[in-house]
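Heads up: the structure comes next, in structure tokens.
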Amino acid sequence: MRSRSWISCRPKLAGCLLGCLGFALMPSLALAQGPVRISLDEAIQLALQHNHTLLAARSTILQSQASEITANLRPNPTLLGDAEYLSPTHANTDYINNASEFDVGISYLFERGRKRQRRLQTAKDITAQTRSLVADNERSLTFSVATQFVNVQLAESTLELAEQDLKSFQQTVNVGELRFKAGAISEDDYLKIKLQLLQFETDFQQAQLAKVQSLSDLRQLLGYESVSSDYDIAGEFDYQPVKGNVEDMQLKALQNRPDLRAAQQGVTAAKSQYELQKAIGKVDITGQVNYTHVSGLNTASFFGSFPLQIFDRNQGEIARANYAITQAQEQQKAASEQVMTDVHDAYQGLRTNDKVVTLYRSGYLDVAQKDRDISQYAYQRGAASLLDFLDAERSYRATQLAYRQALAAYLLAVEQLREAVGVRDLP
72 MRSRSWISCR PKLAGCLLGC LGFALMPSLA LAQGPVRISL DEAIQLALQH
122 NHTLLAARST ILQSQASEIT ANLRPNPTLL GDAEYLSPTH ANTDYINNAS
172 EFDVGISYLF ERGRKRQRRL QTAKDITAQT RSLVADNERS LTFSVATQFV
222 NVQLAESTLE LAEQDLKSFQ QTVNVGELRF KAGAISEDDY LKIKLQLLQF
272 ETDFQQAQLA KVQSLSDLRQ LLGYESVSSD YDIAGEFDYQ PVKGNVEDMQ
322 LKALQNRPDL RAAQQGVTAA KSQYELQKAI GKVDITGQVN YTHVSGLNTA
372 SFFGSFPLQI FDRNQGEIAR ANYAITQAQE QQKAASEQVM TDVHDAYQGL
422 RTNDKVVTLY RSGYLDVAQK DRDISQYAYQ RGAASLLDFL DAERSYRATQ
472 LAYRQALAAY LLAVEQLREA VGVRDLP
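Going letter by letter, the sequence shown gives residues 72 to 498 in this note's numbering.
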């Protein structure tokens, strides 16, 4: 019976073992799929979560919140005490009770003018401004990540073009070699073709280096440990039309730019500081209660003191805080004008780059491709000179590279406009 049970359980046990083995192999299978590919949105999220410069800036918010705790604290009371007329030769209870003097008291500073409330409000206003400044750091980091992402796309597209050109020209060199051996072209022409191959190989190596370096620079922005060393990007390097007019975008920027919001909150913080300085000018009162035991008598005393504001009424700090309000208001106006200028310049840059990309896409790319193909076909059949073919090849490469650079400039202009408006979603 035991052997039968064991035999009947073996298929189940084998299935369990295979399942466990498959589960254990899942990570290695996942790793075998290749490097991680991230999109632009994913890259931005990784940077917002792992960029150390931004994380350091975010700590200023916590520091400011800690300052709120300090600002809201009340003054500590002061404990007083003394003993007089003690004598080592009369260390007995009667002498201590009837001849010695003991005083115990407590004093407290009563703040007037709502100083604590003013301190707390000022600290809260500074915290709000700090949050907006950190949000502006996030906006700048997002733009930097998007810019570097486009640089990686340009590098990959340039590498792809260089690889295609190298393969295509290698075929031309092979055909030239056959024609030279057949006596159809001179050795000089063949050597010129082969020498030209060096430029294609150099371009390919330089394009590989540009991709590696651009990926490394992007990784630095994302947080070095947030992605693996063999990561790559995902996303089409292509034209993305943007609609909308400059007036609507300027209005949206005035509503969303965190640096402008920080400037507006700076005015509020300056006004809070002015109210605090006026409160500091109010006279505080120190109250004190003492218990005294002397010569067998127990008494209580009450004291009060306050400074006479004859000279120092905090008038200098009050005046300074008042001028600081004017400064903050001017800074707010300057920030508002900067927002309008940023959006206007970014919008005009986008429109200009859009026109350049449209020109290439309107037919010039096809013309360059067709001219190169015709020259290559004619040269391989002896109907065109070597110089004509090499000139068509250079024109094609120059046009393709210029288009990719124009496309990258357009995509960067889109990101510049997004940064200027303060939002990722454009019409």
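Where a beta carbon is used, it is the ideal one built from N, C-alpha and C, also for glycine.
In this text the structure is predicted, and so the values were computed from the model without any measurement.
Could you check how far apart the C-beta atoms of V414 and V485 are, in whole angstroms? I think they sit under 8 Å. Going by Cβ atoms, the distance from V414 to V485 rounds to 13 Å, so no, they are not a contact pair.
Using CA coordinates, which residue listed in V365, A454, R187, A469 is at the minimum distance from N169? V365
Assign L266 to buried or exposed, taking buried as 16 or more other Cβ atoms, counted over all protein chains shown, within 10 Å of its Cβ. exposed
Decide if L421 is buried, meaning its Cβ has at least 16 other Cβ atoms within 10 Å, or exposed. Counting of Cβ neighbours within 10 angstroms places L421 among the buried residues, the total reaching 16 or more.
Is it buried or exposed, K342, if we count other Cβ atoms within 10 angstroms and call 16 or more buried? buried
Say whether the stretch 217–235 touches the stretch 357–371, bearing in mind that this needs 3 or more beta-carbon pairs closer than 8 Å, one atom from each stretch. no
May I ask you to list the residues that DSSP assigns as paired with Q359? S178, F374
Let me confirm a value: P329 is counted as buried when at least 16 other C-beta atoms fall within 10 Å, else exposed. Which label applies? buried
Collapsed DSSP secondary structure at I132 in the structure displayed: Of the three classes helix, strand and coil, the one that applies to I132 here is helix, per DSSP.
Three-state secondary structure (DSSP) of A154: strand
Considering only DSSP beta bridges, list what H364 is partnered with. F173, N369
What residue range is occupied by the uninterrupted alpha helix (DSSP H) comprising N508? Because the chain in this structure spans residues 72 to 498, residue 508 falls outside the shown range and cannot be described.
Three-state secondary structure (DSSP) of D303: strand
Cβ neighbour criterion (16 or more within 10 Å) applied to I381: exposed
Relative to the alpha-carbon of Q359, which residue among A137, A128, N147 has its alpha-carbon at the smallest distance? Of A137, A128, N147, the smallest CA-CA separation from Q359 is found for N147.
Grouping DSSP H, G and I as helix and E and B as strand, with all else coil, what is I381? In the structure shown, I381 falls within a coil segment according to DSSP collapsed to helix, strand and coil.
Three-state secondary structure assigned by DSSP to R108: strand
Contact between the stretch 280–288 and the stretch 243–251: three or more CB pairs below 8 Å? no
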